[in-house]
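Asks: Just so we're aligned, residue 2 is where the sequence shown starts under the working numbering, counting upward by one.
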Amino acid sequence: MLVIEFKARANAAQSAAIDEAIRTAQFVRNKCLRLWMDQKGKGKYDLNKYCKVLANEFEWARKLNSQARQASAEQAWSSIANFYRNCTNNIRPVGYPRFKKHSRSVEYKTSGWKLLDLKRIRFTDRFGIGELRLIGTYDLGYYTPEQIKRVRIIRRADGYYVQFVLSVEVTADRQPTGKAVGLDMGLEHFYTDSTGHHEPVQQFYRQSQAKRKRLQRRLSRKAKGSRNRAKARQRLARHELKVSRQRKEHAKRLAYCVIQSNDLVAYEDLRIRNMVKNHCLAKLIQDAGWYQFRLWLEYFGKKYGAVTIAVDPAYTSQECPRCGAIVKKSLSTRTHVCACGCELQRDHAAAVNILRKGLRTAGHAGTWLLDNQNAWGDLTSTVQHSGAEVQVES
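1) Which residue spans inside the segment 234-296 form an unbroken alpha helix (DSSP H) run of at least 4?
2) Kindly indicate which residue of G302, A11 and W291 has the alpha-carbon position closest to the one of I155.
3) Taking the alpha helix (DSSP H) that K150 falls in, what are its first and last residues?
4) For E269, does the count of other Cβ atoms within 10 angstroms reach 16, so buried, or fall short, so exposed?
5) Confirm, please, whether the CB-CB distance from N49 to Q71 is below 8 Å.
6) Could you tell me the distance, in whole angstroms, from the CA atom of L282 to the CA atom of R63?
7) Which one of A256, S318 and L265 has the shortest CA to CA distance from Y292?
8) Put K115 into one of helix, strand or coil per three-state DSSP.
9) If you reduce the DSSP assignment to three classes, tell me which class T334 lands in.
10) Taking only three categories from DSSP, how would you classify S106?
11) Can you tell me which of the three DSSP states M38 falls into?
12) What's the C-alpha gap between A22 and F191?
13) Whole-angstrom Cβ separation of A326 and C341, contact assumed at under 8 Å?
14) Here's a check: name, in chain order, each residue in its chain whose Cβ is nearer than 6 Å to the Cβ of L345, leaving out the five neighbours to either side.
15) Once you ignore the five residues that flank G364 on each side, which residues in its own chain have a CB closer than 6 Å to its CB?
16) Less than 8 Å between the beta carbons of R151 and K120, yes or no?
17) CB L237 to CB L220, shorter than 8 Å?
18) Within 10 Å of its beta-carbon, does T309 have 16 or more other beta-carbons around it, so buried, or fewer, so exposed?
19) Between which two residues does the alpha helix (DSSP H) carrying F84 extend?
20) First and last residue of the beta strand (DSSP E) that includes I136?
21) G367 to Q247, Cα distance in whole Å?
Here's what the structure looks like:
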């Protein structure tokens, strides 16, 4: 699947109509979730059938396109299915489905919209959204209308966006490099690879805190319900959106560089939801953006044909990469020193262990990479600002 996003140019009346459609989609989703809670044994198709009951019961719910109502019911069932899966796999917390209070999107399937040309779309439900102009550089003419499976309208702090979900298999050719790398995520460095190269951490949230506090003070001084308060809240929301986009772009560029430089990438399978329970490190962990980096690694790995392996991080920072002995260390101990004579920076040693775990998981694929390497696992390294093909020498 491929998602293409455009910014939509909408006037005040169209913005009000989009907001009403979003609220209606949220209502349908919450009502379907309530049906599942109240009546035992309801399944996915029961929720889809319930959409017609809601349309007959509420006149304003009928304004939303029938397939858009079904898409909202499918979103409710997606949260229910995730809950069942977590219970089956004994994942904690299981994530019991919750009602949505502030939805920001409405999704249409193959009806309720019509693409007029490459830069204009018209929504045909009864909310009166009408024609929206699309702003962006993507070329929809490259794809057939049958490949467009979903259309979403998303509200963000800086306006409205239209997403097209395309049924397209995204692949690209890449010359094999014959190299593999293990990545250890950290707070002192964003990641350390199995050659000892450290990628510096970019604390976008920490760097923007001064401006954020200033905007929050201005917001708190405005009278509740006033127009000036709405403007101040909008400025704060745009600032937060900018910080999140900076973090996303940073993770995207690093992941692209790593995938272009290696045929196999091993990384830690971190449970970030459990890690942020440490209130001393929660802000730093959230600001690092490890999970977003992992998502882009997996996406680019699939696109360019590289192998990405998530390994269990247990004892990767305690085990000696030379002899395999367990050397207990606290978080404040940043150097690995073993009785066998191995002395490495802590994150470097962990990255080597992660790479070895990844190679064992992959079977025989890539084991030849260790034949002529030393015990440190000096295979390859990545440099963000030097181009995708440039490597750090061991």
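Where a beta carbon is used, it is the ideal one built from N, C-alpha and C, also for glycine.
Replies: Reading it off the structure:
1) 273-276 and 283-289
2) The residue you call residue 155 lines up with position 154 of the sequence shown. Measuring from the Cα of I155, the nearest candidate turns out to be A11.
3) Residue 150 sits at position 149 when you count from the first residue of the sequence shown. Here K150 belongs to no alpha helix (DSSP H); instead the beta strand (DSSP E) covers I149 to R157.
4) Here residue 269 is taken as the residue at index 268 of the sequence shown, counted from 1. Buried.
5) Here the question's residue 71 lines up with position 70 in the sequence shown. Here the question's residue 49 lines up with position 48 in the sequence shown. Yes, these two residues count as a Cβ contact at 8 Å.
6) Residue mapping note: residue 282 aligns to position 281 of the sequence shown, counting from 1. Residue mapping note: residue 63 aligns to position 62 of the sequence shown, counting from 1. Roughly 48 Å between the two C-alpha positions.
7) Sequence index remark: in the sequence shown, residue 292 carries index 291 (1-based). Nearest option by C-alpha distance: A256.
8) The residue you call residue 115 lines up with position 114 of the sequence shown. Residue state, collapsed to three classes: strand.
9) As a working mapping, residue 334 is identified with position 333 in the sequence shown. The answer is coil: DSSP assigns T334 none of H, G, I, E or B.
10) As a first step, residue 106 is located in the sequence shown; it is residue number 105 there, counting from the start. Reduced to three states, the DSSP call for S106 is strand.
11) The sequence position of residue 38 within the sequence shown is 37, counting from 1. Three-state DSSP puts M38 in a helix.
12) Residue mapping note: residue 22 aligns to position 21 of the sequence shown, counting from 1. Residue mapping note: residue 191 aligns to position 190 of the sequence shown, counting from 1. Answer to the nearest angstrom: the Cα atoms are 41 Å apart.
13) Working through the sequence shown from its first residue, we reach residue 326 at position 325. Working through the sequence shown from its first residue, we reach residue 341 at position 340. Yes, A326 and C341 are in contact; Cβ-Cβ is about 7 Å, under 8 Å.
14) For the purposes of this step, residue 345 is identified with residue 344 of the sequence shown, where counting begins at 1. Only H337 meet the Cβ criterion.
15) Translated into positions along the sequence shown, residue 364 becomes position 363. Residue placement at G364 is poorly supported in this model, since its pLDDT is 49, which falls under 50; the coordinates are not used for a value here.
16) Counted from its first residue, the sequence shown places residue 151 at position 150. Counted from its first residue, the sequence shown places residue 120 at position 119. The answer is no: Cβ separation not under 8 Å.
17) Within the sequence shown, numbered from 1, the residue matching residue 237 stands at position 236. Within the sequence shown, numbered from 1, the residue matching residue 220 stands at position 219. Contact flag set, yes.
18) Here residue 309 is taken as the residue at index 308 of the sequence shown, counted from 1. Under this definition T309 is a buried residue.
19) Taking the first residue of the sequence shown as position 1, residue 84 is located at position 83. Segment S67 to T89, the alpha helix (DSSP H) holding F84.
20) Here residue 136 refers to the residue found at position 135 when the sequence shown is read from its first residue. Element bounds for I136: G131 to I136.
21) Here residue 367 refers to the residue found at position 366 of the sequence shown. Here residue 247 refers to the residue found at position 246 of the sequence shown. A caution first: G367 carries a pLDDT of 37, below 50, which makes its placement in the model too unreliable to give a value.
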